[in-house]
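Participant:
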Amino acid sequence: MMKVRIILLGGLLALAALAGCRSAHTTSAILYIDEQKYDKAVQVIHEGFQFADNEPDAYYYLAEAYSHLAEEAVERDDYPEAKKNYELAYEAYQKTLDLDRAKWEEEVNDSLKYNYNNRYRQAGLDWNDEYFEQAEGHLRLAYAALPDSLAPIRNIARMKMQMANMDAYQEQREELMGEALDLLDTVLEARPEAYELQANKANVLTALGRNEEAGAIYEKLLREHGDDTSLLLDIVQLAVNDGDYAKAADFYVKVVDLNLADTDAGNDEDNKEMLVRAGTWYAMANIGRYDDAIAVLDRAANLEMIPTQETMLQRLRTYYNYARHVRQQAADATDPVEKAELEAKGKALLDRSVELGVAMTNNFPQVAEGFLYLSMAQIDLGDFAAAELNNKTYEELSGGSQ
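Going by this note's numbering, the letters in the sequence shown line up with residues 13 to 414, in that order.
1) So what's A345 in DSSP terms, helix, strand or just coil?
2) If you reduce the DSSP assignment to three classes, tell me which class P204 lands in.
3) Hey, out of L361, E142, E148 and P164, whose CA is closest to A180's CA?
4) Take every Cβ of the stretch 96 to 109, pair it with every Cβ of the stretch 132 to 141, and state whether three or more of those distances are shorter than 8 Å.
5) Report yes if the CB atom of M324 is closer than 9 Å to the CB atom of L386, and no otherwise.
6) Under the rule that 16 or more other beta-carbon atoms within 10 Å means buried, what is E148, buried or exposed?
7) Please look up how many angstroms separate the CB atoms of S123 and E76, rounded, as I've assumed it's under 8 Å.
8) Cutting at 7 Å between CB atoms, please list the residues of its own chain near A154, excluding the five before and the five after it.
9) In three-state terms, what does DSSP make of F383?
10) From P159, A156 and G221, pick the residue whose C-alpha is nearest to that of E186; which is it?
11) Output needed for R289: all residues of its chain with C-beta closer than 7 Å, excluding positions within five of it in sequence on either side, in chain order.
12) Whole-angstrom Cβ separation of M175 and V216, contact assumed at under 8 Å?
13) Is it right to say Y334 is buried, meaning 16 or more other beta carbons lie within 10 angstroms of its own, or is it exposed?
14) Nearest to Y126 by CA position, among E145, L158 and V370, is which residue?
15) Is the Cβ-Cβ distance between T241 and N212 less than 9 Å?
16) Which residue marks the beginning of the alpha helix (DSSP H) containing D276, and which one marks its end?
17) Measure from the alpha carbon of L328 to the alpha carbon of each residue in D112, L100 and A307, then state which is nearest.
18) Whole angstroms is fine: what's the gap from G394's alpha carbon to D282's?
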């Protein structure tokens with residue numbers, strides 16, 4: 013027995029020489045891994061550490077063995093064992109890089125991504141099938157395999173928020189939201205600089221109705237990351253929840269400005285819709301920022317290759333309501349010069365309303381509201397004959413007289 017061991021060890025030492033300073037223990041571990049004897053590989057490498065614990069190859073293959081053990085534990089549905097082995101694998105991979113990054117960086121990164129992607133991909137499949145418990149388990153394993161990525165933690169929180177909004181989980185809604193919040197706080201305690209998780213925490217707080225706390229987080233993040241469009245869109249949602257539509261509109265416009273200023277055409281798809289929404293909010297009677305409304309609605313129209321019903325109707329409505337607003341200001345003005353200026357401005361806005369109304373009714377003759385606003389603008393301008401014809405068309409399309 014002893015003779016066989018000596019002969020085998022001699023052979024391994026020869027292999028080690030060929031590999032270039034690779035120890036016999038490491039070479040033996042490689043053979044065990046090839047034979048799928050992963051526990052043996054771990055054991056023999058740790059035995060080798062009693063003689064030398066600074067060999068990068070040893071740590072790399074130790075990490076590979078732990079990775080395989082983790083996968084075997086996943087197959088057995090043994091979550092604690094899988095988590096332990098992924099964590100040990102990550103630790104060993106990092107030690108490999110500490111000892112010889114130049115040689116091993118590519119291999120280590122490939123192995124880390126492999127472990128991570130396997131679990132992350134399975135989590136996605138389970139999530140899509142609404143196997144939420146299994147999805148959470150795989151996401152937690154993905155995080156154990158690659159704790160540098162915050163995506164698994166973020167997605168667990170999002171998944172719990174999704175569950176909280178489903179009818180099947182309404183009785184657990186507060187509990188699920190609380191779990192999402194606790195999860196984010198746990199990670200943030202260790203990594204307080206994690207910007208994305210701070211934003212996710214604010215999202216959860218918003219969903220829980222704790223808008224003041226969420227707002228404080230957003231304000232801090234806004235000062236530090238004011239050009240992050242995802243953050244700005246989150247702030248839009250919080251502003252809408254608070255009923256602050258003017259603020260929501262301001263941030264929509266800022267998002268569009270940032271999208272148009274960069275070189276990524278892929279993020280421009282929603283620009284027109286955001287501008288129309290912002291213009292609609294600016295034009296609300298309790299906000300009355302008509303100049304801003306017209307500016308962004310005109311921008312929206314310029315982004316369209318072919319005029320759309322929504323944009324054209326909102327522009328017509330806004331120009332007409334602004335004209336009425338200005339004419340009321342003129343009626344209330346006591347300074348003759350100011351009154352004359354406001355009257356001229358009101359007429360110009362009505363003229364523009366008629367132009368838009370004619371374009372609207374020509375492009376979309378089936379939309380009753382186009383004829384309504386056109387006829388009202390014509391009445392205000394004193395063109396009663398044209399107004400009567402367009403009002404009649406409005407009544408026919410809307411199904412009755414008004």
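Even for Gly, the Cβ is constructed at its ideal location relative to N, Cα and C.
Facilitator: Per the coordinate set shown:
1) To locate residue 345, count along the sequence shown from 1; it is residue 333. A345: coil per DSSP, three-state reduction.
2) Indexing the sequence shown from 1 puts residue 204 at position 192. Reduced to three states, the DSSP call for P204 is coil.
3) For the purposes of this step, residue 180 is taken as residue 168 along the sequence shown, with counting starting at 1. For A180, the nearest C-alpha among the options comes from E142.
4) no
5) In the sequence shown, counting from the first residue as 1, residue 324 sits at position 312. In the sequence shown, counting from the first residue as 1, residue 386 sits at position 374. Taking C-beta atoms as the reference points, M324 and L386 fail to come closer than 9 Å.
6) Counted from its first residue, the sequence shown places residue 148 at position 136. Its Cβ being crowded by 16 or more others within 10 Å, E148 is buried.
7) As a first step, residue 123 is located in the sequence shown; it is residue number 111 there, counting from the start. As a first step, residue 76 is located in the sequence shown; it is residue number 64 there, counting from the start. S123 to E76, Cβ: 7 Å. Contact.
8) As a first step, residue 154 is located in the sequence shown; it is residue number 142 there, counting from the start. Cβ within range, chain order: Y128, R131, Y132, A135 and P164.
9) Stepping through the sequence shown from its first residue, residue 383 is reached at position 371. Note: F383 maps to helix in three-state DSSP.
10) Walking along the sequence shown from the start, residue 186 turns up at place 174. Closest option to E186, Cα to Cα, is G221.
11) As a first step, residue 289 is located in the sequence shown; it is residue number 277 there, counting from the start. These residues qualify, in order along the chain: Y264.
12) Along the sequence shown, read from residue 1 onward, the residue named residue 175 stands at position 163. Along the sequence shown, read from residue 1 onward, the residue named residue 216 stands at position 204. With a Cβ gap of about 13 Å, M175 and V216 do not count as contacting.
13) Translated into the one-based positions of the sequence shown, residue 334 becomes position 322. Per the 10 Å Cβ criterion, buried.
14) One-based indexing of the sequence shown puts residue 126 at position 114. Nearest option by C-alpha distance: L158.
15) Within the sequence shown, residue 241 is the residue found at index 229, counting from 1. Within the sequence shown, residue 212 is the residue found at index 200, counting from 1. In this structure, N212 does not lie closer than 9 Å to T241 by Cβ.
16) The count along the sequence shown starts at 1 and reaches residue 276 at position 264. No alpha helix (DSSP H) contains D276, which DSSP labels as neither H nor E.
17) Here the question's residue 328 lines up with position 316 in the sequence shown. For the residues D112, L100 and A307, the minimum Cα distance to L328 belongs to A307.
18) Taking the sequence shown and counting its residues from 1, the one referred to as residue 394 is at position 382. Taking the sequence shown and counting its residues from 1, the one referred to as residue 282 is at position 270. C-alpha separation (whole angstroms): 40 Å.
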